[in-house]
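What follows is a short report on a single structure.
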Amino acid sequence: MSKHLNPDLATTLTGDEETRRHLVTPQRRPFLIVLVALIFMAAVWFSLVFIVPKPPTVDQRVYNIAAQLRCPVCQNESVADATAPVALDLRQEIRQQVLSGKSDQQVIQFFIDRYGEQTIIYAPQWQGFSLLMWLVPIALMLGGLVLVYFIARDWQDATHATTSALTATEERTLSAEERDLEKYRALLEQELADDDPLFKRSITEA
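So the sequence shown is residues 68 to 273, counted in our numbering.
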């Protein structure tokens with residue numbers, strides 16, 4: 068009897084399964100994007116917090132300190148960029164204090180005590196590169212959060228659309244299965260009726 072089974076049933080089921088796979092695939096893509104974004108944010112945060120940068124050289128420290136100090140006799144120039152003899156002397160003084168073991172803040176405070184903060188400070192702590200060092204990680208984190216929000220919203224919309232599409236597909240699949248089962252039942256009854264006259268009589272009387 069199985070040889071009379073409608074081959075369209077298997078074809079219909081296979082086609083609907085393929086449709087489900089195509090519908091579910093877009094649902095997975097936003098999840099992968101969110102996962103990649105979270106991994107990227109975690110990697111950036113880890114590099115900023117846990118990876119210890121190489122200590123700056125003496126020349127780098129001297130330049131960084133001098134860039135924060137104003138040349139007393141120059142027109143809006145830092146000690147690092149000025150070419151006046153006073154700037155050269157100040158850079159040499161900075162180098163000597165760095166070599167003596169003082170920290171950057173201690174060297175800066177030395178010149179503040181000598182000249183006054185309003186006179187000697189060229190780049191306050193929260194300006195220039197120092198400010199950038201703090202703002203860039205915060206901007207990256209905020210940008211990542213915004214990205215995750217929009218991706219999650221699109222993911223929710225895609226999930227809702229996929230669920231609706233799957234429901235409609237399941238309804239079509241169920242209707243096709245019911246039709247095929249009805250055809251198979253009728254075919255089975257016909258075969259039984261041909262083989263058993265009593266069964267045919269009971270169907271006719273029903």
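Cβ coordinates follow ideal geometry from the N, Cα and C atoms, glycine included.
Which listed residue (the options) has its alpha carbon closest to that of residue i
i      : options                        : result
Lys169 : Val125, Ala134, Ile188, Val146 : Val125
Val111 : Leu254, Gly210, Asp171, Leu255 : Gly210
Pro123 : Arg252, Glu144, Leu166         : Leu166
Span separating the alpha-carbon of residue i from that of residue j
i      : j      : result
Ile106 : Ile100 : 10 Å
Asp148 : Lys121 : 25 Å
Asp221 : Val213 : 13 Å
Gln223 : Val215 : 12 Å
Thr81  : Met208 : A caution first: Thr81 carries a pLDDT of 48, below 50, which makes its placement in the model unreliable, though a value can still be read off. Using only the alpha carbons, I get a separation of about 46 Å.
Thr314 : Asp156 : The structure shown does not extend to residue 314, since the chain is modelled only from 68 through 273, so no value can be given for it.
Cys141 : Gln159 : 17 Å
Glu254 : Leu248 : The residue you asked about is not Glu; residue 254 is Leu in the sequence shown. Taking the straight line from one Cα to the other gives about 10 Å.
Val153 : Ile175 : 16 Å
Arg252 : Glu245 : 10 Å
Lys250 : Met108 : 58 Å
Glu184 : Glu144 : 15 Å
Thr150 : Leu102 : 52 Å
Beta-carbon separation (whole angstroms), residue i vs residue j, contact threshold 8 Å
i      : j      : result
Gln135 : Tyr189 : 6 Å
Ile179 : Ile132 : At roughly 12 Å, the Cβ-Cβ gap does not stay under 8 Å, so Ile179 and Ile132 are not in contact.
Ile218 : Ala104 : 7 Å
Short Cβ contact (9 Å threshold) for residue i with residue j
i      : j      : result
Val129 : Cys138 : no
Gln164 : Gln173 : yes
Coarse secondary structure for residue i, derived from DSSP in three states
i     : result
Arg88 : Annotation note: pLDDT 49 at Arg88 (below 50); position unreliable, coordinate value reported separately. In the structure shown, Arg88 sits in a helix (DSSP, three-state: H, G or I).
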